[in-house]
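One structure is given below, encoded as structure tokens.
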Amino acid sequence: MITKKYFTDAIEAGEERALEVVNTVFKMEISRIEQEALDEDHLKNLISQYMSKSINSSSQQMNYYKSSYEAYIDLLKLTSLEETKKDRIDFIATMLLSYYESKDYEPEERYCFLNELKNLENIVFETTLSRLKSKGFKSWLKSIETHSDLTAKEIAYQEFYMRESKDYSSTNKTWTQIHDEFSKMNGDKSPKNIETAYNKIRNDESERLRNPKAILKVINHMTKHLPQHEKTIQLAEKEYNKSIN
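Under this note's numbering, the first residue of the sequence shown carries the number 3, and numbering increases by one thereafter.
Next up, the structure:
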């Protein structure tokens with residue numbers, strides 16, 4: 003007779019195994035990708051390709067543990083509950099036990115579920131490892147994309163030029179939301195400091211032109227990391243030329 007404890011033990015063991023090896027596996031994958039990359043843009047492209055393949059692979063990786071885990075995450079989104087290991091494992095184990103005890107299965111579906119039971123710990127391990135790797139690559143890509151050596155004051159210049167050139171749309175956004183977005187674009191610099199600097203320069207051209215180094219820093223940053231925003235770069239260059247003449 004299979005009890006809830008069987009599911010609880012298998013889930014806990016499989017997840018623990020994944021947690022034990024994920025850092026090693028992740029570092030090996032990072033090392034391989036970095037060796038292939040020709041430059042920063044190529045690195046981002048390789049990471050995106052890897053993530054795309056992982057997402058496709060993950061979407062095809064269907065099992066009862068995964069569907070129960072996703073049901074738990076959906077529950078958290080609908081409530082004010084916070085995720086805990088104990089609650090997560092208990093919820094998933096309860097779901098799997100209900101599948102086991104249910105009489106409403108087609109024979110083929112019942113056969114698939116019972117087959118999974120025989121190898122439940124390994125299925126949990128593989129599914130959890132895939133999920134953790136995907137999360138790690140998303141964080142890695144975000145850290146590369148949001149890397150910025152701009153100060154809060156320089157981010158204020160960036161925000162000004164992007165808004166003035168219409169490369170950035172502030173429609174239906176509050177001032178706080180806008181400053182927060184520019185903060186996130188630049189590695190979570192202080193939104194309050196960005197706001198203070200922005201308010202000082204937004205209606206005062208002479209104040210902006212007093213700091214050509216800040217303008218030049220924004221031009222170099224945009225040219226390297228956000229070259230698609232040509233209007234922003236052109237506007238910044240125009241003011242930079244004014245500031246040094």
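A virtual CB, placed ideally from N, CA and C, is assigned to each residue, including glycine.
Item to check | Pairwise C-alpha distance: residue 164 and residue 231 | outcome: Near 8 Å, if we compare the C-alpha coordinates of residue 164 and residue 231.
Item to check | Which of helix, strand or coil DSSP assigns to residue 226 | outcome: Correct three-state label for residue 226: helix.
Item to check | Test item: CB-CB of residue 188 and residue 157 under 8 Å | outcome: Taking 8 Å as the Cβ cut-off, residue 188 and residue 157 qualify as a contacting pair.
Checklist entry - Under three-state DSSP, which class holds residue 16? => result Here residue 16 sits in helix by DSSP.
Checklist entry - To the nearest whole angstrom, what separates the beta carbons of residue 99 and residue 6, a pair I think is in contact under 8 Å? => result Contact holds; Cβ gap of about 5 Å.
Checklist entry - Does DSSP put residue 91 in a helix, a strand or coil? => result Correct three-state label for residue 91: helix.
Item to check | residue 76 - DSSP class collapsed to helix/strand/coil | outcome: Residue 76 falls in the helix class under three-state DSSP.
Checklist entry - Measuring CA to CA, which of 33, 190 and 217 is closest to residue 203? => result Comparing Cα-Cα distances from residue 203 to each of 33, 190 and 217, the minimum goes to 217.
Checklist entry - In chain order, which continuous runs of the beta strand (DSSP E) of length 3 or greater are located wholly inside the stretch 163-199? => result Runs of beta strand (DSSP E) with 3 or more residues, each lying fully within the stretch 163-199, are absent.
Checklist entry - How many Å lie between residue 87 and residue 193 at the Cα? => result If you take the alpha carbons of residue 87 and residue 193, they lie about 33 Å apart.
Next on the checklist: Check this for me: beta carbons of residue 167 and residue 225, under 8 Å apart or not?
Outcome noted: Against a cut-off of 8 Å, the Cβ pair of residue 225 and residue 167 comes out as no contact.
Item to check | Straight-line Cα distance separating residue 134 from residue 89 | outcome: Near 19 Å, if we compare the C-alpha coordinates of residue 134 and residue 89.
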